[in-house]
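First to last, the sequence lines map onto chains A and B.
In terms of this note's numbering, the first sequence opens at residue 12 and continues consecutively.
In terms of this note's numbering, the second sequence opens at residue 612 and continues consecutively.
Idealized CB from N, CA, C, for every residue including glycine.
These numbers were taken from a predicted model, which means no experiment stands behind them.
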Amino acid sequence: MTTTIQGVKFNEGELAAPALPRDIQTEEMVFNMGPQHPSTHGVLRVVVKTDGEVVLDCQPLIGNLHRCAEKILENLTYVQGLPYVDRMDYLGALNNELGLALAVEKAAAMEVPRRAQYLRVVMCEINRVISHLFAAGQFGLDMGAFTPFLYMFREREEGILLLNEVTGGRLLYHYIRYGGVTRDVSDEWRRKVLAWCDVVASHMDEYNNLLTYNHIFVNRSAGVAVLDKETCLAYGCTGPILRAAGVRRDTRKDLPYSSYEDFEFDVPVGPFERGILGCAWTRHRQRLYEIEQSLSIIRQALQNLPAGDFTNTKISRGWKAPPGEAYAVTEAPRGELGFYFISDGGKNPYRVKTRGPSFCNISVITAVSRGLLIGDFIALIGSVDITLGEVDR
Amino acid sequence: MTANEAIAARVPGAVLEAVETGAHPFVRVKPECIVEAARALREACGAQMLHLVSGVDYADRMEVVYHFAKMDPPAAMFCLKVTLPRDKPEVPTLAGDWRSADWMERETWDLVGIRFLGHPHLYRILLPEDWEGHPLRKDYVFPTEYHGIDCTK
């Protein structure tokens, strides 16, 4: 059950601590990692109980970034609320916008023009690529490889500039609106994006040689912190983590939305060349394979971009959704993002409940941290790739 | 087998309402049958993951909405709802069968104030432990002050 150590509650759950090999007599120690620890990707605080270098138990204490976004959305009108969801997963802002827009459109039975659906796909996939580049670079940073991070940021910055050119924002875009998108794209911009796709694709070998197949990196991460299929399903872990555990699940394929059924792409699943199923290295490799698939989707969408309107209606400031409810699941960079939306016909949403994938993904670390070395524990958190804005909302 | 049939076959009398068409199909079950209803989804419909637990305050009643996902193709989503009295919102926990219910139910307790009976450690997860009230309730009064911090500005 729950024990309190130095004022921090530890939930023991059903897991019994395994007997650890003890060569020397050490003492148990409880210490804080975070909320200012550089390896915790934001304001995550983890209280860790250790025996020497071995983690016995850990308790993630979340909520430092809690803004009660769901209450804020209830207090804003529809038009005001949509940019707010950008601030949940600020590294995959467009994917969040798409999630809420799809939930509201589903409840309101609103049609979206095909050109707008394709533009949403292009923007969300660019966002996924730059988010995965960030995640892969950050994981290298956690493992002590500083340089690859800068190489990945080079292409990420170009991607941000491309999004900036259309949306006017670098990280938080507010590009997707109910019923379509804000503005159309030019042919010149399309050519620039296709060129950027080629540049990123041409650098994949460089990333892999620098980081992925680097001996030190492989030794640090391959076989470490294994999250198997059963654990992932039980704790609700989705996205690259679940696929790295060997489950071929991608909502873009399985529950297609926004015309994803028009595009041909693979869903890579682990295990890959090194490492084992569900280990930290496999999760890292998973993201890099997914970048290649996203680039392929961007190319297909831009080459086959349908003619027509980019929005079906000008949503007025006082627009109201008719009474109803819907649950929309989309594939965000970190996993399955769900929005459960209820309208009572009023000017504000009645209730918006968010399933932030990072929230479930971080809940699993207690289950797998037992017996890890502290350095491997950092590999676990880094390879899970969380955004605290989405955990705390 | 639909969710409605699966639950009715396992727990006769548990289903109160079944909506099978429209934007959001769901099955409303008796609160005391929720654990068995979820097991029926797992065993007869192939639900593998508890995707989301939401608490909703409807001013005259509370609702807990569960979304389940079948991950293997063909993928499917299932939704269960329970209605609870507003003065005593209590429902058995799913944390025994579904580990993801642990944090999701704690969040629902924290923000909506629904008590999950039998939950191993039901205390606040996002808000500080000395926070008063549950913010996502419709009658929530915003605090003006917290430990000397002015919250009105």
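For residue 629/B, the three-state secondary structure derived from DSSP is strand.
Three or more beta-carbon pairs drawn from the region 290-301 of chain A and the region 267-282 of chain A are found closer than 8 Å, and the two stretches are therefore classed as touching.
Using a CB distance cut-off of 7 Å, residue 638/B does not count as an interface residue toward chain A. Between residue 644/B and residue 242/A, the alpha-carbon positions lie close to 26 Å from each other.
Counting of Cβ neighbours within 10 angstroms places residue 44/A among the buried residues, the total reaching 16 or more. When 345/A, 166/A and 329/A are compared, the shortest CA-CA separation from residue 250/A is found for 345/A.
In terms of Cα proximity to residue 655/B, the closest of 727/B, 679/B, 751/B and 730/B is 679/B. Cβ-Cβ separation between residue 682/B and residue 715/B: approximately 17 Å, too far for a contact (criterion under 8 Å). Rounded to the nearest whole angstrom, the C-alpha separation of residue 707/B and residue 650/B is 11 Å. Residue pairing by DSSP places residue 94/A in no beta bridge whatsoever. With contacts defined by Cβ atoms closer than 7 Å, residue 347/A and residue 99/A do not form a contacting pair. Between the region 248-264 of chain A and the region 208-227 of chain A, the count of C-beta pairs closer than 8 Å stays below three; the two stretches do not touch. What residue 738/B touches in chain A, judged by beta-carbon distance under 8 Å, is 74 and 77, going in chain order. Not flagged as an interface residue toward chain A: residue 653/B, since no C-beta distance is shorter than 7 Å.
Sequence-distant partners of residue 752/B (beyond 5 residues in either direction) whose C-beta falls short of 8 Å from its own C-beta, in its chain, are 744. Residue 122/A sits in coil when the DSSP states are folded into three classes, being neither helix nor strand.
Between residue 54/A and residue 398/A, the alpha-carbon positions lie close to 9 Å from each other.
Here residue 343/A carries a strand assignment [DSSP, helix/strand/coil].
In the DSSP assignment, residue 689/B falls within the beta strand (DSSP E) that extends over 687-696. In the DSSP assignment, residue 158/A falls within the unbroken alpha helix (DSSP H) covering 158-178. Residues of the region 232-247 of chain A with a C-beta atom less than 7 Å from some C-beta of chain B are 244, 245, 246 and 247, listed in chain order.
Counting along the chain, the unbroken beta strand (DSSP E) around residue 365/A starts and ends at 362-366. Shown in chain order are the members of the region 699-710 of chain B whose Cβ falls below 8 Å from a Cβ of chain A: 709 and 710. Distance from residue 274/A to residue 311/A at the Cβ level is roughly 5 Å; contact confirmed, criterion being Cβ atoms closer than 8 Å.
For the 7 Å CB-CB criterion, residue 270/A and residue 128/A form a contact. Within the region 128-140 of chain A, no residue has its Cβ closer than 7 Å to any Cβ of chain B. Residue contact with chain B for residue 208/A: absent (no Cβ-Cβ distance below 7 Å to any residue of chain B). For residue 56/A, the uninterrupted beta strand (DSSP E) run begins and ends at 56-62, by DSSP. Residues of the region 330-343 of chain A with a C-beta less than 9 Å from any C-beta of chain B: 335, 336, 337, 338 and 340, listed in chain order. Cβ-Cβ distances below 7 Å link residue 187/A to 105, 108, 109, 112 and 131 in the same chain, with the five nearest sequence neighbours on each side left out; the list follows chain order. Residues of the region 653-670 of chain B that bring their beta carbon within less than 7 Å of a beta carbon in chain A comprise 659, 660, 661, 662, 663, 665 and 667, in sequence order. The Cβ of residue 714/B sits closer than 7 Å to at least one Cβ of chain A. Residue-level contact check: residue 290/A does not touch chain B, since none of the beta carbons of chain B fall below 7 Å from its beta carbon.
Spanning the alpha carbons of residue 318/A and residue 237/A requires a straight line of approximately 47 Å. Pairing residue 746/B with residue 79/A gives a Cβ-Cβ distance under 7 Å.
For residue 677/B, the enclosing beta strand (DSSP E) covers residues 672-681.
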